[in-house]
Each structure stands twice: as C-alpha cells, then as structure tokens.
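Numbering (the working numbering), first residue to last: 220 to 563.
Backbone N, C-alpha and C fix where the C-beta goes; we use that ideal spot for every residue, glycine too.
Keep in mind it's a predicted model, so treat the numbers as computed, not measured.
Report on one structure; see the data block that follows.
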Amino acid sequence: MKALFLKRRQNFQKQQNKYLRYVLNDHFVLVLMFLLGFAMVQYGQLLNHFPTNHLPIQVCLGILIPLLLSMGSIATYLEEADQHFLLPKEEEVISYIKQAERLSFLLWGTLQTAVLLFLYPIFRRLGLSLFIFIILVLILLALKRVVLSRKTRYFLRGNRLDWAKAVAFESNRKQSILKFYSLFTTVKGISTKVKERTYLNPLLKLVKQTPSNLWLSLYARAFLRSSDYLGLFLRLMLLSSLSVFFIHNLYLSVSLALIFNYLVVFQLLSLYYHYDYHYMTSLYPENSRSKKKNVLSFLRGLSFLMLIVNMLCCSSAPKALILIVGMVFIACIYLPYKLKKIID
C-alpha cells in the first residue's frame, strides 16, 4: 500500500516539476527577487519607524493569523477507482491517511512557525515578551492541528472512510494546485465547471450577431459561463486594481498591476482552443483566420476593460501613463505575437 501511494506522489510531483520550469522562468524569478528585495527594505523601514498607532498593524496581523491557520491540506492521492479496488484494504488506507495528516501538520506547522518567527520583531514592537510569543506560537500550532483534523474528519470519522468524499477532497486539492500552474502555462487535467448565468445574458447583446462575429459571440459565451475564465479574470483584475490603489510606490504598483494583467491575457489565450472538442464547430463556414481575428478582438477588449478599471484606481498621472503604455504593449504587440506563436 505504501509503495502504491509513494508512486502516485512521485508521479504528481513529476507532473508539477514539468510545470515549475514555466513558473520559475528567468523573467518571473527576476521580478520575484525584485519584489522580495523591496518587501525586505519596506519591512526594515517599518521596524525603524514603527507607527505609534498600532491599530493598522494589529488589524493586518488579525487577518494574517487566520490565513496561516487555514492554509494546508491533506495529500491522500486517492483516485476514483480506489473506492472499488481498495475497499478490502480500507484499514490500511485509513492508516495511510492518518500518517498523511501528521506529515501535513509537520509541513504546514513548520511553515506557519517560520512566518511567525519572521514577524517576531513586529510582535516585540507591539509589546509582547519572548515568553508570551512562544506561548502564542504553541497555541497556534495546536490550532493548526485542530484545523487539519477537522479537514480529515470531513471524509474520515473514526474507522469509517467516506470514499466518495475522500476522492472528491483529493481531486479538489490537485485541481487547486494545477490551476495555479495554469496561470503560467497550459495545464492538462483541469476540470471546468459551466454555469448558465442568465443574469449576464444582457452582456452578450453587446456583440453584434453577424457572420463575421461568429467566434466572437462563442468566446463571449464561454468566458461568461465558464467559472475558470470569469473567476480568473475578476480575481486578477481585482488584485491589479488593489495594487494600483494601495501601493504608493510608483514602479512597484505599476509593475504588479501589469504582471496581473499580463497573467489574465496569457491565461485567456486558451479560449482559442475552447471549442476544439466540439466537432460541430468544424462545420462552421468561418475559417481559422476569422477565428484568430475574433479571439484577438475579444482579448483586446478585456485588456482595455482592465485598463479602464485600473485607471479609475490611479491617483497620479505618471502612474496612469505607464499603465497605458504597458497595456497598449500587451494588447497590441505581445498579444498578436503570442497568439501567432501558439497557433503556428
């Protein structure tokens, strides 16, 4: 049993390693190092000029600590067929799941403690002694164990395993990881959910129903009704707008906003292939040139929509000007080049 789950874990790690080289490319690592260096400088300045009003710091810590507690999941590596073929070995599977819970606590508990140790100077500035800080760390570790145990009890109660819930839990865990990688490259194995969302139908009327807009209409429907496309667009647009609004450093705020907007455009390029598995679309009279033109128009429209929202959050003309230049470059130069490269 251990060999089976070890092989599955290795296979999934191998799959992740294949995508990691796209995530940790030279450009992203460079940006990451820049952001890390900037964050360290800002952290040092915060400690050297600690505000007399502690309320904002306390609010941030009050948000961060629950986030740390909620992080982490139990990697079971169960698959759909296991509820049939591994049913006679249920006791061994349960034993493995309990071991996986302990390993998860060790990993995420260590990460949580490392973050708290990094923030220890802030706790000292707030008046916490070393003894109280150690007690706080131990209490949060105990709460982390409780949180992970509650997640396990979702599908495991005593010696009874709810196979359907356990398989769904593991599937959701893997999907969340793969969706992160999908921000940087095309990922196989991601399941999508489609909702009708009739309240968004009026937006479809903005697209003229003409033969030349055939694919444009289809892309608009896929975008509005697919949870992946619409959810991704809204989340990253919100992050880019918050970066522009709350970060006062000109270059950092604009860089973050453009990175988030770039990720939106890059990820939505997969819309081009959205209907490839619908064989009836091969009967459409429109050719691939029209398809490419329509997806380019649609993505440019979304790019300029993001730009408008970002502009509404701008507080200075230089920031707005750099955003305009950056988004024009993404929409008018990068997007056609990348689309041509993908299609060809």
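Around the Cβ of residue i, are there at least 16 other Cβ atoms within 10 angstroms (buried) or fewer (exposed)?
| i | result |
| --- | --- |
| Asn-267 | exposed |
| Ile-549 | buried |
| Gly-545 | buried |
| Ser-462 | buried |
| Phe-350 | exposed |
| Gln-331 | buried |
| Tyr-296 | buried |
| Phe-337 | exposed |
| Val-484 | buried |
| Ile-478 | buried |
| Arg-228 | exposed |
| Asn-432 | buried |
| Tyr-556 | exposed |
| Leu-380 | buried |
| Ser-401 | buried |
| Leu-437 | buried |
| Arg-440 | buried |
| Ser-348 | exposed |
| His-199 | Residue numbering for the chain in the displayed model covers 220 to 563; residue 199 lies beyond these limits and cannot be assessed. |
| Leu-455 | buried |
| Tyr-339 | exposed |
| Asn-391 | exposed |
| Asn-529 | buried |
| His-303 | exposed |
| Leu-515 | buried |
| Ile-561 | exposed |
| Ala-385 | buried |
| Ser-535 | exposed |
| Cys-533 | buried |
| Arg-444 | buried |
| Asn-541 | First, the residue type needs correcting, since residue 541 is Ile and not Asn in the sequence shown. By the 10 Å Cβ count, Ile-541 comes out buried. |
| Phe-442 | buried |
Could you check where the alpha helix (DSSP H) with residue i kicks off and where it finishes?
| i | result |
| --- | --- |
| Phe-342 | 339-344 |
| Met-546 | 536-548 |
| Ala-294 | Note, Ala-294: premise wrong, no alpha helix (DSSP H); not H, not E. |
| Pro-275 | 274-289 |
| Ser-472 | 469-487 |
| Tyr-241 | 221-242 |
| Phe-174 | Nothing can be reported for residue 174, as the shown portion of the chain is limited to 220 through 563. |
| His-303 | 301-304 |
| Tyr-556 | 554-562 |
If you compare alpha carbons, which of the options is closest to residue i?
| i | options | result |
| --- | --- | --- |
| Gln-234 | Ser-516, Val-426 and Lys-407 | Lys-407 |
| Gln-261 | Ser-535, Phe-517, Ile-466 and Ser-445 | Ile-466 |
| Glu-310 | Asn-378, Leu-487 and Ser-474 | Asn-378 |
| Ala-476 | Ala-258, Tyr-494, Leu-360 and Met-525 | Met-525 |
| Leu-566 | Leu-326, Ile-276, Val-386 and Val-366 | Residue 566 falls outside the range modelled here, since the chain spans only 220 to 563, and no answer is possible. |
| Phe-324 | Ile-293, Pro-340 and Lys-511 | Ile-293 |
| Leu-305 | Tyr-373, Lys-221 and Ile-552 | Lys-221 |
| Thr-329 | Gln-394, Gly-263 and Arg-364 | Arg-364 |
| Ile-341 | Tyr-373, Leu-249, Leu-274 and Lys-308 | Leu-274 |
| Ile-527 | Ser-368, Pro-430, Ile-543 and Leu-453 | Ile-543 |
| Asn-468 | Val-242, Tyr-238, Ser-348 and Pro-537 | Pro-537 |
| Gly-520 | Leu-487, Ala-539, Ala-258 and Tyr-494 | Leu-487 |
| Ile-358 | Phe-517, Ile-284 and Ser-445 | Ile-284 |
| Phe-269 | Phe-464, Gly-256, Gly-346 and Gly-281 | Gly-346 |
| Leu-449 | Lys-512, Val-473, Arg-240 and Leu-419 | Leu-419 |
| Ala-333 | Glu-320, Val-356 and Ile-316 | Val-356 |
| Thr-371 | Leu-362, Trp-382, Trp-327 and Glu-320 | Glu-320 |
| Phe-231 | Lys-393, Leu-490 and Leu-451 | Lys-393 |
| Leu-225 | Lys-510, Phe-403, Tyr-315 and Asn-480 | Tyr-315 |
Under 8 Å, Cβ to Cβ, is there at least one residue of chain B near residue i?
| i | result |
| --- | --- |
| Tyr-241 | Annotation note: the requested chain B is absent from the structure, which comprises a single protein chain. |
Using a Cβ-based criterion (distance less than 7 Å to any ligand heavy atom), does residue i qualify as near the ligand GDP?
| i | result |
| --- | --- |
| Lys-370 | Ligands displayed in this structure: none; no statement on the ligand GDP is therefore possible. |
Which complete alpha helix (DSSP H) runs does the region 329-394 hold, if anything under 4 residues is left out? Within the region 329-394, the complete alpha helix (DSSP H) runs of at least 4 residues are 339-344 and 349-372.
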